[in-house]
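One structure below.
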Amino acid sequence: MKRPEGFDPPAQTPPKSRQAARPKVRAEPKAQPQARVSAEPKVRPEPRAKKPPAPDAASKQGRPPRVRRDSEARAADRKLARERRQYEKAEVRRFTRRARNRRIIIAVIVGTVVTLLALVLTAVYSPILALRTITVDGTTRIDAAEVVDAVDGQLGTPLALIDFGKITTELGAFPLIRSYVTETVPPDKLIIHIVERQPVGSLKQGTKFTLVDPAGVTVQESPERIAGVPLIDLAGGDTTSPAFASVVEVLLALPASLLAQVDSISAHTQDDVTLVLTGVGQKVTWGSADNSERKAALLAALIAVTDPSLAGEFDVSAPSNGVFRPAG
Numbered sequence: 043m044k045r046p047e048g049f050d051p052p053a054q055t056p057p058k059s060r061q062a063a064r065p066k067v068r069a070e071p072k073a074q075p076q077a078r079v080s081a082e083p084k085v086r087p088e089p090r091a092k093k094p095p096a097p098d099a100a101s102k103q104g105r106p107p108r109v110r111r112d113s114e115a116r117a118a119d120r121k122l123a124r125e126r127r128q129y130e131k132a133e134v135r136r137f138t139r140r141a142r143n144r145r146i147i148i149a150v151i152v153g154t155v156v157t158l159l160a161l162v163l164t165a166v167y168s169p170i171l172a173l174r175t176i177t178v179d180g181t182t183r184i185d186a187a188e189v190v191d192a193v194d195g196q197l198g199t200p201l202a203l204i205d206f207g208k209i210t211t212e213l214g215a216f217p218l219i220r221s222y223v224t225e226t227v228p229p230d231k232l233i234i235h236i237v238e239r240q241p242v243g244s245l246k247q248g249t250k251f252t253l254v255d256p257a258g259v260t261v262q263e264s265p266e267r268i269a270g271v272p273l274i275d276l277a278g279g280d281t282t283s284p285a286f287a288s289v290v291e292v293l294l295a296l297p298a299s300l301l302a303q304v305d306s307i308s309a310h311t312q313d314d315v316t317l318v319l320t321g322v323g324q325k326v327t328w329g330s331a332d333n334s335e336r337k338a339a340l341l342a343a344l345i346a347v348t349d350p351s352l353a354g355e356f357d358v359s360a361p362s363n364g365v366f367r368p369a370g
């Protein structure tokens with residue numbers, strides 16, 4: 043039979059003898075492929091991060107873009123920082139307020155002290171405030187020029203350094219000065235206000251007459267009787283006796299119009315004061331100095347209804363019952 047082309051003839055089979063001599067090798071079955079088992083745990087791959095949407099896409103979804111969120115956060119941080127600074131400043135001011143007030147008070151006190159010290163130094167040592175003018179008022183019996191001459195040794199002295207003790211000594215040489223008050227008038231003036239002693243009567247002592255005030259201080263001496271004041275007769279007593287005290291109390295209780303009519307007054311004791319009026323010499327029995335004001339009013343009423351040319355005696359020793367007894 044004719045074989046087709048390309049078909050190889052089968053291999054020739056060796057003789058059986060040769061086949062018997064070769065050991066038969068049993069073909070092992072082919073090993074099936076086994077799956078590989080790894081000891082390492084399986085790691086799931088992380089999902090891929092989604093890409094952020096484009097700005098225009100984010101705005102379409104109603105969410106602000108990231109740039110806008112960052113600027114707002116920075117603005118909020120700045121605002122918080124500013125508020126924090128303001129709060130801290132307020133706290134610092136609150137805790138330091140007492141110290142500031144203390145410093146202000148100390149500064150004011152120091153400034154005031156310095157100002158006062160400067161003014162004092164100016165008043166004490168500045169020639170602008172030196173004494174240049176001295177004036178005296180309140181004098182009638184005393185010559186004011188004599189008083190100025192007595193104290194003018196302090197002219198040129200600053201007002202704050204005037205020696206008022208020396209002025210007291212210098213004015214003590216004037217017995218008619220009862221009291222005085224000095225007044226400094228910046229920048230350069232000194233005023234002396236004088237209160238003179240007011241004489242109440244005159245006493246005859248030997249051959250001279252002595253004008254005295256209510257305290258018994260001698261105001262003036264004269265060889266002749268001093269007009270304008272009553273003559274006081276104390277029956278040998280002096281100005282320290284109770285009789286003189288009663289006489290003075292009676293004279294001070296009389297009104298000026300009635301005092302001008304008194305020619306003389308006498309007292310041996312404090313309970314037997316007697317007056318003599320000018321004119322015809324009408325006498326007044328006064329008694330003690332008690333109730334002198336009521337007695338003075340009663341005497342004025344009796345004189346008003348009595349003929350001044352009629353001699354006699356007024357008796358007001360009992361202030362509730364006065365009487366006039368004509369002489370004779």
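Each residue of the sequence shown is one higher than the one before, counting from 43 in this note's numbering.
C-beta atoms are modelled at their ideal positions from N, C-alpha and C, and glycine is treated no differently.
Small disclaimer: the values here were computed from a predicted structure and weren't measured.
Residue i vs residue j beta-carbon contact at 8 Å
{"i": "Gln312", "j": "Ala331", "result": "yes"}
{"i": "Leu197", "j": "Gly243", "result": "no"}
{"i": "Ala309", "j": "Val289", "result": "yes"}
{"i": "Pro371", "j": "Val271", "result": "Here the chain has residues from 43 to 370 only, and residue 371 is not among them."}
{"i": "Val292", "j": "Ile268", "result": "no"}
{"i": "Leu294", "j": "Pro350", "result": "no"}
{"i": "Pro217", "j": "Val261", "result": "yes"}
{"i": "Glu225", "j": "Ile233", "result": "yes"}
{"i": "Gly329", "j": "Asp305", "result": "no"}
{"i": "Ile170", "j": "Pro229", "result": "yes"}
{"i": "Thr164", "j": "Ile236", "result": "no"}
Supposed contact pair residue j and residue i - C-beta distance, whole angstroms, cut 8 Å
{"i": "Val326", "j": "Leu341", "result": "6 Å"}
{"i": "Glu238", "j": "Ile184", "result": "6 Å"}
{"i": "Val178", "j": "Ala186", "result": "4 Å"}
{"i": "Thr282", "j": "Gly258", "result": "7 Å"}
{"i": "Phe286", "j": "Gln324", "result": "Rounded, the Cβ-Cβ distance is 24 Å, inconsistent with contact."}
{"i": "Ala369", "j": "Gly354", "result": "5 Å"}
Residue i, buried or exposed, once every other Cβ within 10 Å from all chains shown has been counted against 16
{"i": "Lys131", "result": "exposed"}
{"i": "Leu161", "result": "exposed"}
{"i": "Lys337", "result": "buried"}
{"i": "Ala73", "result": "Low per-residue confidence applies at Ala73: pLDDT is 47, beneath 50, and the placement is therefore not dependable enough to give any value."}
{"i": "Ile151", "result": "exposed"}
{"i": "Val189", "result": "buried"}
{"i": "Thr154", "result": "exposed"}
{"i": "Thr316", "result": "buried"}
{"i": "Gly364", "result": "buried"}
{"i": "Asp275", "result": "buried"}
{"i": "Ala360", "result": "exposed"}
{"i": "Ser113", "result": "exposed"}
{"i": "Leu319", "result": "buried"}
{"i": "Ser334", "result": "buried"}
{"i": "Val227", "result": "exposed"}
{"i": "Leu158", "result": "exposed"}
{"i": "Val347", "result": "exposed"}
{"i": "Lys102", "result": "Confidence at Lys102 is low in this model, with a pLDDT of 48, below 50, so the placement of that residue is unreliable and no value is reported for it."}
{"i": "Val358", "result": "buried"}
{"i": "Leu245", "result": "buried"}
{"i": "Leu122", "result": "exposed"}
{"i": "Leu213", "result": "buried"}
Cβ-heavy atom distance, residue i to the ligand ADP, below 7 Å
{"i": "Ser168", "result": "The ligand ADP is absent from the structure shown, which contains no ligands of any kind."}
Checklist entry - Using 8 Å as the Cβ pair cut-off and three pairs as the minimum, do the stretch 192-202 and the stretch 250-263 touch? => result no
Checklist entry - Three or more C-beta pairs closer than 8 Å, one from the stretch 198-211 and one from the stretch 133-151: is that the case here? => result Using a Cβ-Cβ distance cut-off of 8 Å, the stretch 198-211 and the stretch 133-151 are not in contact, since fewer than three pairs of beta carbons, one from each stretch, lie closer than that value.
Item to check | Sequence ranges, alpha helix (DSSP H) only - wholly within the stretch 118-171, length at least 4 | outcome: With a minimum length of 4 residues, no continuous alpha helix (DSSP H) run stays inside the stretch 118-171.
Item to check | Segments of 3+ residues assigned as beta strand (DSSP E) that fall wholly inside the stretch 210-238 | outcome: 219-227 and 231-238
Checklist entry - Whole beta strand (DSSP E) runs in the stretch 316-341 with 3 or more residues, listed along the chain? => result 325-329
Item to check | 3 or more residues per run - each beta strand (DSSP E) lying fully within the stretch 282-310 | outcome: 304-308
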